[in-house]
Each structure stands twice: as C-alpha cells, then as structure tokens.
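Asker:
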Amino acid sequence: MLFVKKNELTGTFFILIFIISFIVGDFNKSPSNPGKPFEHPVEEGIEGGPNSRLIFEWLRLKSPITNEIPDGIKFRSLKYAKSIPKANHLPIRMKGAQSNQSNLEWTLRGPYNVGGRTRGVVIDKMDPNTILAGGISGGIWRTEDRGQSWAKMT
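Residue 1266 is where the sequence shown starts when you use our numbering, and the numbers rise one by one after that.
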C-alpha cells in the first residue's frame, strides 16, 4: 500500500511539473503578430540583446499613425520598386543629337567649401590670416591666406 501511494505521489509530481512548464512557456513566447508593437520597452543606446535586430526592423517598418507594420507592405514595396524607371530608360541631356555618356555636359552646382569631418579649427592670434584645421582622416591643414588655399601639414 505504501508503494502504491509513493508511485501516485511521484506521478502527480511529474504531471504538476509538466503543467507548470506549459504555463511558464506561454509567458516566454515572442509576439504572435509581428505587426503589433512589442511589450518590452525599447531603450535607446543599448546595443545587443536577443531582440535588438527584431526591434530595429519593427521601428523602421511600423506606421507612425497606427504603430503597426501595415498589411502587405512587402508586396506594395516590390510593386513600387518595379514602377521606378531603369537607368537605360531615363532621358539624357546631351550636347549633340548623337552622343553617348562620355559626351554628357555637367554643370557644377555645389556644395562648395564643405568641411567634411573637421574636428578642430585654430586661428592664430598674432596673424588672423593663418588658420589650422584638423580632420578625422585628412590630417592637419594650414592656410596663410584666410582659407583661399590650403597646404597639408601631416
């Protein structure tokens, strides 16, 4: 009789563990609808994490009005991409009637005097015509005519 009660207790214990594992498993599921917003808060500046890429894609694709990914968005994107004219179908302005791309006429429209990734600029107190500028990958540059011409120092 004691043996039977021990088996019943063991069986009941395993059934209870089995039921608890299903209950806990439901809490760890990912969202069933990928178009719906995530339940987890999105923290900016935190890299990595198991859902980082999924959260990034959701933030990129969601509608700002409905806060969901629109239905059929991939199909609509592909349809729009097919409607964009290809390069060989675009009209090209040429100098002559019969010409190829090597004879194209270009007009420089700017931008002018772009600093790029300039990280520091120093003006000489004794001579305001002398300016030093340092860039991220371009080195240090010097001018002695208020920026009309530059010479690379490094």
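Beta carbons are placed, not taken as given, at the ideal position from N, Cα and C, and that holds for glycine. Just so it is clear, the structure is predicted and the values come from calculations on it, not from any experiment.
What residue does the beta strand (DSSP E) around Trp-1415 start on, and which one ends it?
Answerer: In the sequence shown, the residue the question calls residue 1415 occupies position 150. Trp-1415 -> no beta strand (DSSP E), and no H or E assigned at all.
Asker: Roughly how many angstroms separate the alpha carbons of Ile-1349 and Phe-1340, rounded to a whole number?
Answerer: Taking the sequence shown and counting its residues from 1, one reaches residue 1349 at position 84. Taking the sequence shown and counting its residues from 1, one reaches residue 1340 at position 75. The straight-line gap from Cα to Cα measures roughly 15 Å.
Asker: Specify the secondary structure class of Arg-1407 as computed by DSSP and reduced to three states.
Answerer: Indexing the sequence shown from 1 puts residue 1407 at position 142. Residue state, collapsed to three classes: strand.
Asker: Tyr-1345 to Ile-1334, Cα distance in whole Å?
Answerer: The sequence position of residue 1345 within the sequence shown is 80, counting from 1. The sequence position of residue 1334 within the sequence shown is 69, counting from 1. Using only the alpha carbons, I get a separation of about 17 Å.
Asker: Under a three-way DSSP split, which group does Gly-1276 fall into?
Answerer: Locating residue 1276 in the sequence shown gives position 11, counting from the first residue. In the structure shown, Gly-1276 sits in a helix (DSSP, three-state: H, G or I).
Asker: Tell me which residue opens and which closes the alpha helix (DSSP H) that Leu-1326 is part of.
Answerer: Locating residue 1326 in the sequence shown gives position 61, where the first residue counts as 1. From DSSP, the alpha helix (DSSP H) with Leu-1326 extends over 1317–1326.
Asker: Please report the straight-line C-alpha distance between Arg-1407 and Leu-1373, rounded to a whole angstrom.
Answerer: Translated into the one-based positions of the sequence shown, residue 1407 becomes position 142. Translated into the one-based positions of the sequence shown, residue 1373 becomes position 108. Computed Cα separation, rounded: 26 Å.
Asker: DSSP three-state label for Arg-1382, please.
Answerer: The residue labelled residue 1382 in the question sits at position 117 within the sequence shown. Three-state DSSP puts Arg-1382 in coil, outside helix and strand.
Asker: Buried or exposed for Trp-1323, please, with buried defined as at least 16 other CB atoms from any protein chain shown within 10 angstroms of its CB.
Answerer: Position 58 of the sequence shown, counted from the first residue, corresponds to residue 1323. Classification for Trp-1323: buried.
Asker: Got a sec, what are the start and stop residues for the alpha helix (DSSP H) Leu-1343 sits in?
Answerer: Counted from its first residue, the sequence shown places residue 1343 at position 78. Looking at the DSSP string, the run of the alpha helix (DSSP H) that includes Leu-1343 is 1338–1348.
Asker: Are the C-beta atoms of Gly-1337 and some chain B residue less than 7 Å apart?
Answerer: Checking the listed chains, one finds no chain B in this structure; it contains a single protein chain.
Asker: Going along the chain, which residues of its own chain have a beta-carbon closer than 7 Å to the beta-carbon of Lys-1327, five neighbours each way excluded?
Answerer: Counting from one through the sequence shown, the residue named residue 1327 turns up at place 62. So the qualifying residues of the chain are Glu-1333 and Ile-1334.
Asker: For Ala-1421, count neighbouring Cβ atoms within 10 angstroms of its own Cβ and tell me buried if that reaches 16, exposed if not.
Answerer: The structure shown has nothing for residue 1421, since the chain only spans 1266 to 1419.
Asker: Where does Leu-1281 fall in DSSP's three states?
Answerer: As a working note, residue 1281 is residue 16 in the sequence shown. In this structure, Leu-1281 counts as helix in the three-state DSSP scheme.
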